[in-house]
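Residue numbers (this note's numbering): 115 to 247.
We treat Cβ as the ideally placed atom computed from N, Cα and C, and that holds for glycine.
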């Protein structure tokens with residue numbers, strides 16, 4: 115999802131992500147659905163926490179300063195580096211959105227699978243566990 119204007123506030127997060135996307139997806143998955151989000155301000159705002167509680171959507175506890183164990187964070191890094199390697203940086207939000215779609219489509223599925231398979235190594239690394247948790 116790309117926001118054409120403004121910042122992601124708690125109200126926007128609730129109204130543009132949680133309500134139209136997360137709630138139906140949680141309903142489709144059914145019991146056992148667990149929302150994974152970090153501690154970004156919009157995610158932990160009272161209005162969003164209340165919405166999740168009212169909808170019966172459980173969110174994973176996420177410790178402060180925890181390592182990025184979500185593979186999507188690494189995909190964002192791959193996409194960012196790919197965009198920066200182009201000679202002309204996107205000048206508008208639409209150009210950036212188009213560039214993101216293009217580089218997303220160029221990521222080999224095997225690279226995504228590799229990141230997912232690497233998560234247990236990160237999870238059980240005593241150095242990470244000792245420092246962050």
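query                                                                                                                             : result
Whole-number beta carbon distance between residue 125 and residue 149, since they are thought to touch under 8 Å                  : With 8 Å as the limit, residue 149 and residue 125 do not qualify as a contact, their Cβ atoms being about 18 Å apart.
Beta-carbon contacts of residue 155 that lie in its chain and below 8 Å, excluding the five residues immediately before and after : 124
Three or more C-beta pairs below 8 Å linking the region 229 to 236 and the region 184 to 192                                      : yes
Where the alpha helix (DSSP H) through residue 133 begins and ends                                                                : Here residue 133 belongs to no alpha helix (DSSP H), and DSSP marks it neither H nor E.
Distance, residue 131 Cα to residue 169 Cα                                                                                        : 14 Å
Inter-residue Cα distance where the pair is residue 212 and residue 145                                                           : 36 Å
Buried or exposed by the 16-neighbour rule on C-beta atoms within 10 Å, applied to residue 200                                    : exposed
Nearest-angstrom Cβ-Cβ length linking residue 233 and residue 177, presumed shorter than 8 Å                                      : Actually they do not touch by this definition, with Cβ atoms about 16 Å apart.
Residue 172 - partner residues in DSSP beta bridges                                                                               : 148
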